[in-house]
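Enquirer:
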């Protein structure tokens with residue numbers, strides 16, 4: 002499990018770094034690398050041929066079966082947690098496979114995909130585009146509790162198959178916010194008036210010369226919201242580069258201690274759409290292998306996924322009650338009693354955040370934080 006955790010974490014940071022490179026500093030970002038990894042597991046599982054999966058710059062290589070099983074196992078650990086003898090659903094994951102019922106070459110999902118990812122198969126009449134879009138969007142809207150009702154808005158390039166996964170989380174803070182005020186948020190492109198939530202409570206937190214960090218827990222959950230605020234004079238990019246190295250996010254959480262925190266953080270909601278086809282081609286190779294031949298020439302270097310279009314839409318919000326997060330990722334494819342120290346933590350300038358889950362990674366009850374959703378809050382909406 003430790004190796005699996007490291008692979009998934011390295012993959013997540015690689016995706017996040019690549020998203021940042023193509024993003025303006027003045028633009029908020031939120032992305033779910035986990036949902037993308039989950040989608041890759043499904044696609045590899047659907048591949049009828051023997052294949053090799055290489056995650057570039059992550060030092061991961063395996064055959065297709067091992068990769069699909071790894072992603073399936075990891076997804077199950079994300080979906081639920083155990084408190085004593087009780088299992089608690091942490092995240093609602095759904096996998097939909099839509100195929101053209103009028104296309105003879107189109108096939109229903111493989112049994113392996115249904116078993117590993119609980120995939121739901123839906124035959125669609127792609128000759129009737131308005132009806133097809135309505136049917137698909139209705140299923141996605143239900144899976145996301147109405148937060149993303151119109152994911153599909155153009156299916157003109159769709160001919161054979163469509164794979165979509167959804168991730169939905171709704172969490173309630175252990176300590177709710179009760180105080181609010183309008184305050185300035187100092188962004189790179191000016192000051193913005195925001196709804197600032199405020200409370201003074203005990204939290205696990207950490208501070209050094211470069212940044213402050215806080216972990217905000219949820220009721221009956223192994224998930225948490227981690228926010229990192231650079232000190233004045235320290236750039237957000239410096240902090241992100243630090244967190245991406247050597248499992249520093251997990252190390253940061255282990256350094257935290259309990260403080261009485263005078264906390265202020267904006268109430269916000271972010272919605273983003275990303276085209277991910279090019280990114281996928283840069284970070285993953287799935288190639289055909291021929292186990293009967295022994296020569297190097299027997300291995301085809303053609304990527305067998307043949308992705309036509311891959312995109313992700315994500316909505317992330319925090320308010321006085323808690324956190325709501327939903328991701329839809331889809332692709333068209335062919336084939337104690339001590340006195341607490343006090344800390345003032347005022348998130349009135351750009352900061353990094355992530356929604357993470359604590360995962361058991363080995364038999365010795367060693368736990369690590371895994372980032373489910375990662376983002377930056379740099380520019381508030383204009384009121």
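Numbering (this note's numbering), first residue to last: 2 to 384. Glycine included, each C-beta is placed from N, C-alpha and C at the ideal position.
Residue 116: buried (16+ other C-beta within 10 angstroms of its C-beta) or exposed?
Expert: Classification of residue 116: exposed, given that the 10 Å Cβ count is below 16.
Enquirer: Leaving out five residues on either side along the sequence, give the residues of the same chain with a beta carbon under 7 Å from the beta carbon of residue 151.
Expert: Here the set comprises 138.
Enquirer: Using 8 Å as the threshold, is the C-beta distance between residue 69 and residue 46 below it?
Expert: The answer is yes: Cβ separation under 8 Å.
Enquirer: Who does residue 261 pair with in a DSSP beta bridge?
Expert: Looking at the DSSP assignment, residue 261 forms a beta bridge with 203, 343.
Enquirer: Where does residue 395 sit, in a helix, a strand or coil, going by DSSP?
Expert: What is shown of the chain runs 2 to 384, which leaves residue 395 out entirely.
Enquirer: Rounded to the nearest angstrom, what separates residue 28 and residue 239 at their Cα positions?
Expert: Residue 28 and residue 239: Cα-Cα distance of roughly 17 Å.
Enquirer: CA-CA distance, residue 44 and residue 197?
Expert: Going from the Cα of residue 44 to the Cα of residue 197 covers about 42 Å.
Enquirer: Residue 354: which of 12, 32, 235, 16 sits nearest, CA to CA?
Expert: Checked all of 12, 32, 235, 16; the closest Cα to residue 354 is 32.
Enquirer: Specify, as a first and last residue, the run of the alpha helix (DSSP H) that residue 16 falls within.
Expert: Residue 16 -> alpha helix (DSSP H) spans 3–22.
Enquirer: Pull up the distance between the alpha-carbon of residue 89 and that of residue 323, whole angstroms please.
Expert: Each residue's alpha carbon lies about 17 Å from the other.
Enquirer: Answer with buried or exposed for residue 208, where buried requires no fewer than 16 other C-beta atoms within 10 angstroms of its C-beta.
Expert: Buried: at least 16 other Cβ atoms inside 10 Å.
Enquirer: Straight-line CA distance for residue 339 to residue 202?
Expert: Because the pLDDT at residue 339 is just 47, under 50, the model does not fix this residue reliably, and the value given afterwards should be weighed accordingly. Computed Cα separation, rounded: 15 Å.
Enquirer: Nearest-angstrom Cα distance between residue 61 and residue 55?
Expert: When rounded, the distance between both Cα atoms is 6 Å.
Enquirer: What residue range does the beta strand (DSSP E) around residue 100 cover?
Expert: Its beta strand (DSSP E) spans residues 93–101.
Enquirer: What do you get for residue 259, buried or exposed, if any count of 16 or more other CB atoms within 10 angstroms of its CB means buried?
Expert: It counts as exposed.
Enquirer: Inspect the beta-carbon positions of residue 71 and residue 327 and report whether they are closer than 8 Å.
Expert: Not in contact: residue 71 and residue 327 (Cβ atoms no closer than 8 Å).
Enquirer: Short of 8 Å in beta carbon distance, which residues of its chain neighbour residue 181, apart from the five on each side in sequence? Order them along the chain.
Expert: So the qualifying residues of the chain are 196, 197, 198, 199, 268, 321.
Enquirer: Does the Cβ of residue 4 have 16 or more other Cβ atoms within 10 Å, making it buried, or fewer, making it exposed?
Expert: Exposed, by the Cβ-count rule.
Enquirer: Mind reading off the beta-carbon distance from residue 36 to residue 313? Whole number of angstroms is fine, and I expect it under 8 Å.
Expert: At roughly 7 Å, the Cβ-Cβ gap stays under 8 Å, so residue 36 and residue 313 are in contact.
Enquirer: Determine the direct distance from the alpha carbon of residue 244 to that of residue 176, and round the result to whole angstroms.
Expert: One C-alpha to the other measures close to 26 Å.
Enquirer: From this set, 382, 59, 254, which residue's C-alpha is nearest residue 358's C-alpha?
Expert: Here the closest residue by C-alpha is 254.
Enquirer: When burial is assigned at 16 or more other CB atoms within 10 Å of the CB, is residue 194 buried or exposed?
Expert: Flag for residue 194 reads exposed.
Enquirer: The alpha helix (DSSP H) spanning residue 51 covers which residue range?
Expert: Unbroken run through residue 51: none, as it is neither H nor E.
Enquirer: Helix, strand or coil for residue 298, going by three-state DSSP, please let me know.
Expert: Low confidence applies here, because residue 298 scores a pLDDT of 41, under 50, leaving its location unreliable and the question unanswered by this model.
Enquirer: Would you mind listing the beta strand (DSSP E) stretches within the segment 143–191 that are 3+ residues and don't spill past its ends, in chain order?
Expert: 162–173, 180–188, all fully within the segment 143–191.
Enquirer: Taking the Cβ atom as the reference point for each residue, do residue 223 and residue 318 lie within a distance shorter than 8 Å?
Expert: No, the pair does not count as a contact, with Cβ atoms beyond the cut-off.
Enquirer: For residue 69, which three-state DSSP category applies?
Expert: Here residue 69 sits in helix by DSSP.
Enquirer: For residue 286, count neighbouring C-beta atoms within 10 Å of its own C-beta (all shown protein chains included) and say buried if the count is 16 or more, exposed if not.
Expert: Under this definition residue 286 is a buried residue.
Enquirer: Can you tell me the Cα-Cα spacing of residue 1 and residue 221, whole angstroms?
Expert: Residue 1 lies beyond the range of the chain shown here (2 to 384); nothing can be said about it.
Enquirer: Just the C-alpha distance for residue 277 and residue 18, rounded to the nearest angstrom, thanks.
Expert: Approximately 13 Å, taken between the alpha carbons.
Enquirer: Near residue 204, which residues of its chain fall below 6 Å by C-beta distance, leaving aside the five closest residues on each side in sequence?
Expert: So the qualifying residues of the chain are 215, 262.
Enquirer: Could you compute how far the alpha carbon of residue 15 sits from the alpha carbon of residue 184?
Expert: For residue 15 and residue 184, the distance between alpha carbons rounds to 34 Å.
Enquirer: Determine the extent of the alpha helix (DSSP H) in which residue 219 is found, giving its start and end residues.
Expert: Taken as a continuous stretch (DSSP letters only), residue 219 belongs to no alpha helix (DSSP H), as it is neither H nor E.
Enquirer: Looking only at C-alpha atoms, which of 96, 311, 168, 129 sits nearest to residue 325?
Expert: Comparing Cα positions, the closest option is 168.
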